[in-house]
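Engineer:
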Amino acid sequence: MEQNLHLWTIPLLPLAGAAINGTVGKRLQKNVVSAIALLFPALAFLQAAWVAAAFFDLRHVPYIEEHMEWIAAGNFTVHFAFMLDQLSLVMLLVVTGVGFLIHVYSVGYMSEDPGYYRFFSYLNLFMFFMLMLILANNYLLMFVGWEGVGLASYLLIGFYFLKHSASQAGKKAFVTNRVGDFAFLIGMFLLVQKFNSLDYSVVFAGIRNGNFPVESGGAGFLTWVAICLMVGACGKSAQLPLYVWLPDAMEGPTPVSALIHAATMVTAGIYMVARSNIIFNHAPIALTCVAIIGALTAIFAASIGITQFDIKRVLAYSTISQLGYMFMACGVAAYSAAIFHLMTHAFFKALLFLSAGSVIHALSGEQDMRRMGGLKKLIPWTFMVMTAGTIAIAGIWPFAGFFSKDEILWKTWSSGPSGKIFWGIGWITALMTSFYMFRLLFMTFAGERREAEHAHVDTHGSHAAAGHAGHGHGHGIHESPWVMLGPLVALATLSFIGGWIGWPQALGGSNRFEKFLAPVFEQSETASPSQEKGAPPVAGEHAAAAPGRPQVEPGHSGTTEVHGEEGMEQLLTGLSLLAAFSGLGAAWYLYGIRPEKPAQIAEAFGGFYRTVKNKYYVDEIYQEAIIDPIVQGSDEILWRSVDAGIIDGAVNGAGSTARFFSGRLRQMQSGNIRSYAGWVAIGAVGVLAYMIYMGMQ
Amino acid sequence: MVPVSFYLVLSAILFTVGVAAFIYKRNIITIFMSIELMLNAVNLSFVAFANVRGNVSGHVFVFFVMVVAAAEAAAGLAIIISVFRTRETLNVDKVNLLKL
Numbered sequence: 199m200e201q202n203l204h205l206w207t208i209p210l211l212p213l214a215g216a217a218i219n220g221t222v223g224k225r226l227q228k229n230v231v232s233a234i235a236l237l238f239p240a241l242a243f244l245q246a247a248w249v250a251a252a253f254f255d256l257r258h259v260p261y262i263e264e265h266m267e268w269i270a271a272g273n274f275t276v277h278f279a280f281m282l283d284q285l286s287l288v289m290l291l292v293v294t295g296v297g298f299l300i301h302v303y304s305v306g307y308m309s310e311d312p313g314y315y316r317f318f319s320y321l322n323l324f325m326f327f328m329l330m331l332i333l334a335n336n337y338l339l340m341f342v343g344w345e346g347v348g349l350a351s352y353l354l355i356g357f358y359f360l361k362h363s364a365s366q367a368g369k370k371a372f373v374t375n376r377v378g379d380f381a382f383l384i385g386m387f388l389l390v391q392k393f394n395s396l397d398y399s400v401v402f403a404g405i406r407n408g409n410f411p412v413e414s415g416g417a418g419f420l421t422w423v424a425i426c427l428m429v430g431a432c433g434k435s436a437q438l439p440l441y442v443w444l445p446d447a448m449e450g451p452t453p454v455s456a457l458i459h460a461a462t463m464v465t466a467g468i469y470m471v472a473r474s475n476i477i478f479n480h481a482p483i484a485l486t487c488v489a490i491i492g493a494l495t496a497i498f499a500a501s502i503g504i505t506q507f508d509i510k511r512v513l514a515y516s517t518i519s520q521l522g523y524m525f526m527a528c529g530v531a532a533y534s535a536a537i538f539h540l541m542t543h544a545f546f547k548a549l550l551f552l553s554a555g556s557v558i559h560a561l562s563g564e565q566d567m568r569r570m571g572g573l574k575k576l577i578p579w580t581f582m583v584m585t586a587g588t589i590a591i592a593g594i595w596p597f598a599g600f601f602s603k604d605e606i607l608w609k610t611w612s613s614g615p616s617g618k619i620f621w622g623i624g625w626i627t628a629l630m631t632s633f634y635m636f637r638l639l640f641m642t643f644a645g646e647r648r649e650a651e652h653a654h655v656d657t658h659g660s661h662a663a664a665g666h667a668g669h670g671h672g673h674g675i676h677e678s679p680w681v682m683l684g685p686l687v688a689l690a691t692l693s694f695i696g697g698w699i700g701w702p703q704a705l706g707g708s709n710r711f712e713k714f715l716a717p718v719f720e721q722s723e724t725a726s727p728s729q730e731k732g733a734p735p736v737a738g739e740h741a742a743a744a745p746g747r748p749q750v751e752p753g754h755s756g757t758t759e760v761h762g763e764e765g766m767e768q769l770l771t772g773l774s775l776l777a778a779f780s781g782l783g784a785a786w787y788l789y790g791i792r793p794e795k796p797a798q799i800a801e802a803f804g805g806f807y808r809t810v811k812n813k814y815y816v817d818e819i820y821q822e823a824i825i826d827p828i829v830q831g832s833d834e835i836l837w838r839s840v841d842a843g844i845i846d847g848a849v850n851g852a853g854s855t856a857r858f859f860s861g862r863l864r865q866m867q868s869g870n871i872r873s874y875a876g877w878v879a880i881g882a883v884g885v886l887a888y889m890i891y892m893g894m895q
Numbered sequence: 179m180v181p182v183s184f185y186l187v188l189s190a191i192l193f194t195v196g197v198a199a200f201i202y203k204r205n206i207i208t209i210f211m212s213i214e215l216m217l218n219a220v221n222l223s224f225v226a227f228a229n230v231r232g233n234v235s236g237h238v239f240v241f242f243v244m245v246v247a248a249a250e251a252a253a254g255l256a257i258i259i260s261v262f263r264t265r266e267t268l269n270v271d272k273v274n275l276l277k278l
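Residue numbers (the working numbering), protein chains in the order written: chain L, 199 to 895; chain B, 179 to 278.
1) Quick check: is the beta carbon of residue 258/B nearer than 7 Å to any beta carbon in chain L?
2) Can the beta-carbon of residue 627/L be found closer than 7 Å to that of residue 617/L?
3) My understanding is that residue 319/L touches residue 219/L, with C-beta atoms under 8 Å, so please give their C-beta distance in whole angstroms.
4) DSSP puts residue 266/L in a beta bridge; with which residues?
5) Report yes if the C-beta distance between residue 197/B and residue 879/L is below 7 Å; otherwise report no.
6) Can you give the beta carbon distance from residue 386/L to residue 332/L, rounded, assuming they're within the 8 Å contact cut?
7) Among 459/L, 210/L, 490/L, which has the Cα closest to the Cα of residue 540/L?
8) At a Cβ cut of 7 Å, what residues of the stretch 250-275 of chain L count as close to chain B, listed as they run along the chain?
9) Would you kindly check if the distance between the Cβ of residue 501/L and the Cβ of residue 468/L is under 7 Å?
10) Which residues in the same chain have their Cβ closer than 8 Å to the Cβ of residue 234/B, if we skip the five residues on either side of it in sequence?
11) What distance in whole Å lies between the Cβ atoms of residue 632/L and residue 777/L, which are believed to be in contact at a cut-off of 8 Å?
12) Apart from the five residues on each side of it in sequence, which residues of its chain come closer than 6 Å, Cβ to Cβ, to residue 898/L?
13) Report the three-state DSSP secondary structure of residue 944/L (helix, strand or coil).
14) Report the option in 511/L, 283/L, 378/L whose CA atom is closest to the CA atom of residue 205/L.
15) Using Cβ-Cβ distances below 9 Å, what residues of the stretch 217-250 of chain B are close to chain L?
16) I'd like to know if residue 838/L contacts chain B, where contact means its C-beta is closer than 7 Å to some C-beta of that chain.
17) So, for residue 313/L: in the same chain, excluding its five sequence neighbours on each side, which residues have a beta-carbon less than 6 Å away from its beta-carbon?
18) Against chain L, which members of the stretch 179-210 of chain B pass a CB distance test of less than 7 Å?
19) Just checking, does the stretch 374-386 of chain L make contact with the stretch 426-441 of chain L on the three C-beta pairs under 8 Å criterion?
20) I want to verify the contact list: residues of chain L whose CB lies under 8 Å from the CB of residue 261/B, in sequence order.
21) Would residue 328/L pass as a contact of residue 462/L if the rule is Cβ separation under 7 Å?
22) Does the separation of the CB atoms of residue 591/L and residue 600/L fall below 7 Å?
23) Could one say the Cβ of residue 861/L lies closer than 7 Å to chain B's Cβ atoms, at least one of them?
24) Would you list the residues sitting across from residue 269/B in a DSSP beta bridge?
25) Just the C-alpha distance for residue 267/B and residue 864/L, rounded to the nearest angstrom, thanks.
26) Compile a chain-ordered list of the residues in the stretch 874-891 of chain L whose CB is closer than 7 Å to at least one CB of chain B.
27) Under the three-state reduction of DSSP, which class applies to residue 283/L: helix, strand or coil?
28) So, do the stretch 199-210 of chain B and the stretch 240-247 of chain B have three or more beta carbon pairs nearer to each other than 8 Å?
29) Could you tell me the alpha carbon to alpha carbon distance between residue 265/B and residue 216/B, rounded to whole angstroms?
30) Take residue 699/L as the anchor and find which of 596/L, 529/L, 800/L has the nearest alpha-carbon.
31) Using the beta-carbon count (16 or more within 10 Å), is residue 668/L buried or exposed?
32) In or out: residue 512/L buried (at least 16 other Cβ within 10 Å) or exposed?
33) Check this for me: beta carbons of residue 613/L and residue 488/L, under 7 Å apart or not?
34) On the DSSP bridge list, what partners appear for residue 508/L?
35) What separation, rounded to the nearest whole angstrom, lies between the Cα atoms of residue 562/L and residue 681/L?
36) Under 7 Å, Cβ to Cβ, is there at least one residue of chain C near residue 894/L?
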C-alpha cells in the first residue's frame, strides 16, 4: 500500500485562507488577517516539505491521487486528480517556499494599505490556483489553474483599481493572455480528438506507443498540438509576440510583481512545455520555433531593459528576457536546464523585485532610478541583498544564476549546428543582462543622491499616497522593517547557494538536479532513440536528414568524447563569466565613474536609442495594427450595423409587428355584448353549415 | 303522428328568433326574454327526441334546464334591477363600463 500524501490539501489550504480573508477579512483585526494570510501558505509549505521528504520513499513515481470524476461525456472522462513527480515536486517547493516568503514580506510592505485583507485574499487565491496548475494530473485541470492564476494576476495588477493605468494594465494582461489561452484550448481539443483523454499518462503513453513517429520531415498532428501549446505558453510566460502585458503588469504592488510576474505564474508556460516534453520532442519543428522565440525574446527584452529608467520596468524586461532563456532551453530539449533556471530565477528575481520594493518603500513610492543614487549607506541591508541578487542574475560564480545560465548556454551550444547561433544570442543576452542589472544597482545605490526638485510628486500609486503620507518629504529615508528584510535575507541566501545542487560535472560537481529531474524527461529522450533503434540501418540517415533536430542529452553520447566536451564546456563557462564581468565593468564605467557618458552615448545613437527606449514601439504597433481595427470594427460594423441595425431591428420589428396585428385584433374586443353575441351566432351558423355539408357528403 | 322533424323545425325557428332578438334588441329585459326563448327552443327539441327514442333522460334534462333557467332569471332580474338603479337605463349600449 502506497503512502497517502494527501496532495489535495496543499492547494486547498491557501484557498481556505483566501476564503476567510475574502469573506470576513474586512471585519477582522489587521494582525488576524496577517495571521490567517501567513498561516495557510505556511501550512501548505510544510505539507509540501513533508511531501518532498516522503517522495523519496515512493515506490511508484509519478504518484497519482484520484479524487472524483469531474466530467464524464460518453467515454471521455476527466478526473479531479493530482500527480506528483520530480518536476511538479520542484515547482511545488518553489511556489510554496518563495510564495510564503513573499507573503511574509507583504505583511510589511502592505501594512498601511486600506485594502490589506483584499490583497492577502487575492494572494492566497493565487497560491491555490498555481498549486492546482502544478499538481494537476491532466491538461484540463491544469487549465483551471492556468486560468485561475490569470484571474488572480488580473485582480492584483488592478489592485489599485481607482488608478486608470492600473485597471488598464490588468485588462491588457487578461486579454493578451486570452490569446494564448485560446491556442492552449485548441491544443487540448486536438489532443482529445486523437487520444480521447487529457490525462498526462494516457496522452504521453499514446504518443510513445502509438503511431506518432518523430515528425522531422514535416508538420504533422503533433507539430500542430505543440505549436498550439507553445502559443499558450507564450501568452503566460510573456514571450514574443505576447509579452506586452508583463511590463504593464508592474502597476500592481511590488510583492505581486515578485510573486506572480517574476517567480511563479509567468513560469507556468515553461512548466507546461517541460511537462509536455514528449509532444515537443516528437515535433522538432515546433521545438525549433520554441528555441527561436525564446532566443529572440531574450535579446529583445534585454535590449529594452538597458534603456529603461523605472526600476520595476527594468526588472520586468529582465524577467521577460530570462523567461526567453528558459524557453530557449526548452527549445533545445534541455528541459531540466530550463527548470533549473526557473528555480534559481524564482529565487533571485523574487529577491530583486522585493529589494526594489524595499527601495521604493524607503523612497516613499519613487520608482525612477534617475532620482535615486547614493542609497548604499541609507539602506545598507537592502543594498546587500540586492547586490547578491544582481550578482546571481548576472551569472557570476558561485551564485545561483551562474550555474543555471551556464547550463542553458552549454546545452544550447551542444544541441547541434543551429545551437551555436542560439548560444551566440544567449551569450550577448548574458552580457546585456549583466550590464543592465549592474546599471540598475549603480544608479540606485552608488554615487550621490540625485534628488530632483519634483522628486516627490507622487505618481506611483495609492500605496505610497496612503502609506507614506506621514513620512514627509523624503527626509525619512528608512530601512525596511525586519518583516520585510527577513524574506530578503532568506532569498539572498537561496540566490547564493541555490545553484549548487546543479553544479555541473565539468566543474567537478555532480549535477544532482539534472539527475533528479531526469526520469520526467528521460522517457521522452529514450523515446526518440528507440524510434531510431527500431530501424538501425537508417538511423544515421534519419539524424542527418534532420539537422535541426535537437540532440538527446550529451551525457548519452560515448565516453570517448567526454574529455573534449568538458574542455569545451569549461571554455564556454569562461566565456559566460567574461560576459558577466564585461557587463559589470561597462556598467561601472558608465554609471559609476563617468555618469555623464550614458547620455552622450544615447545622444550618439539618437534614433535607435529612442526606438529601443520606446520599446521598439511594439505597443504602438499593436495599437495601430490590432487594437484600433478591432475597436473600429466593433464600433462601426458590430455595434452600429449588426447590433443596432440587425439585432435590435429584428427585436423591434417583432415587437412592432405584434403591435400592429394586435391593434387590428383589438377592434374585435369592442365590449359590446350584442356584437359578441353576433359573432357567436355567426360561429354557430358556420359550425352548423359545416355539419350539414358533411352530412350531405 | 306528427313527424319529429316538425318539432325540430319549430325549435330551430324559435331559437333563431331568440338569437335575432338577442342581437338586435337593446332593452335588457327583452334580451333576457330572448334567452328564455332560446332555452325553451332547446327544451322543445329535447322533448321531441326523448319522445321519439322512448328515453326519459331527455325529459329529465328539460327539468334541469328549467331549474337553471329559473335560477338564472332570479339572479338576472336582480342584476337588472341594480343596473337600473345605478344607471337609470335599460339600454345595454349604455351599460358599457368594460368597453375599451
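Beta carbons are placed, not taken as given, at the ideal position from N, Cα and C, and that holds for glycine.
Structural biologist: With the structure as the only source:
1) Taking the second sequence and counting its residues from 1, one reaches residue 258/B at position 80. Chain L contact via Cβ: absent.
2) Taking the first sequence and counting its residues from 1, the one referred to as residue 627/L is at position 429. Taking the first sequence and counting its residues from 1, the one referred to as residue 617/L is at position 419. In this structure, residue 617/L does not lie closer than 7 Å to residue 627/L by Cβ.
3) Position 121 of the first sequence, counted from the first residue, corresponds to residue 319/L. Position 21 of the first sequence, counted from the first residue, corresponds to residue 219/L. Between residue 219/L and residue 319/L the Cβ distance is about 4 Å, and since that is below 8 Å, they are a contact.
4) Position 68 of the first sequence, counting from 1, holds the residue named residue 266/L. According to DSSP, residue 266/L bridges with 278/L.
5) Working through the second sequence from its first residue, we reach residue 197/B at position 19. Working through the first sequence from its first residue, we reach residue 879/L at position 681. Yes.
6) Numbered from 1 along the first sequence, position 188 holds the residue referred to as residue 386/L. Numbered from 1 along the first sequence, position 134 holds the residue referred to as residue 332/L. Contact flag wrong, Cβ pair sits at about 18 Å.
7) Mapped onto the first sequence, residue 540/L falls at position 342. Closest by alpha carbon: 459/L.
8) none
9) One-based indexing of the first sequence puts residue 468/L at position 270. One-based indexing of the first sequence puts residue 501/L at position 303. For residue 468/L and residue 501/L, no; Cβs fall outside 7 Å.
10) Position 56 of the second sequence holds residue 234/B. 228, listed in sequence order.
11) Residue numbering aside, residue 777/L sits at position 579 when the first sequence is read from its first letter. Residue numbering aside, residue 632/L sits at position 434 when the first sequence is read from its first letter. Yes, residue 777/L and residue 632/L are in contact; Cβ-Cβ is about 6 Å, under 8 Å.
12) Here chain L has residues from 199 to 895 only, and residue 898/L is not among them.
13) For residue 944/L there is no data in the structure shown, the boundaries of chain L being 199 and 895.
14) The sequence position of residue 205/L within the first sequence is 7, counting from 1. For the residues 511/L, 283/L, 378/L, the minimum Cα distance to residue 205/L belongs to 283/L.
15) none
16) In the first sequence, counting from the first residue as 1, residue 838/L sits at position 640. Residue 838/L does not count as touching chain B.
17) The sequence position of residue 313/L within the first sequence is 115, counting from 1. Here the set comprises nothing.
18) 197, 200, 201
19) yes
20) The count along the second sequence starts at 1 and reaches residue 261/B at position 83. Under the 8 Å cutoff, chain L gives no residues; its nearest Cβ is about 12 Å from residue 261/B.
21) For the purposes of this step, residue 328/L is taken as the residue at position 130 of the first sequence. For the purposes of this step, residue 462/L is taken as the residue at position 264 of the first sequence. Cβ distance < 7 Å, so residue 328/L and residue 462/L count as in contact.
22) Taking the first residue of the first sequence as position 1, residue 591/L is located at position 393. Taking the first residue of the first sequence as position 1, residue 600/L is located at position 402. No, Cβ-Cβ distance for residue 591/L and residue 600/L is not below 7 Å.
23) Counting from 1 along the first sequence, the entry for residue 861/L is found at position 663. For residue 861/L, the answer is no, since every Cβ of chain B falls outside 7 Å of its Cβ.
24) What you label residue 269/B is simply residue 91 of the second sequence in a count that begins at 1. In the DSSP output, where bridge partners are listed per residue, residue 269/B has 205/B.
25) Position 89 of the second sequence holds residue 267/B. Position 666 of the first sequence holds residue 864/L. Spanning the two alpha carbons is a distance of roughly 28 Å.
26) 875, 876, 879
27) Here residue 283/L is taken as the residue at index 85 of the first sequence, counted from 1. The answer is coil: DSSP assigns residue 283/L none of H, G, I, E or B.
28) no
29) For the purposes of this step, residue 265/B is taken as residue 87 along the second sequence, with counting starting at 1. For the purposes of this step, residue 216/B is taken as residue 38 along the second sequence, with counting starting at 1. The straight-line gap from Cα to Cα measures roughly 28 Å.
30) As a working note, residue 699/L is residue 501 in the first sequence. Residue 699/L has its Cα closest to that of 596/L, out of 596/L, 529/L, 800/L.
31) For the purposes of this step, residue 668/L is taken as the residue at position 470 of the first sequence. For residue 668/L, the predicted model reports a pLDDT of 39, less than 50, meaning its position is unreliable and no value from the coordinates is stated.
32) Numbered from 1 along the first sequence, position 314 holds the residue referred to as residue 512/L. So residue 512/L counts as buried.
33) In the first sequence, residue 613/L corresponds to position 415, counting from 1. In the first sequence, residue 488/L corresponds to position 290, counting from 1. Cβ atoms of residue 613/L and residue 488/L: not closer than 7 Å.
34) Sequence index remark: in the first sequence, residue 508/L carries index 310 (1-based). 566/L, per the DSSP bridge assignment.
35) Along the first sequence, read from residue 1 onward, the residue named residue 562/L stands at position 364. Along the first sequence, read from residue 1 onward, the residue named residue 681/L stands at position 483. Near 18 Å, if we compare the C-alpha coordinates of residue 681/L and residue 562/L.
36) The displayed structure is made up of protein chains L and B, and chain C is not among them.
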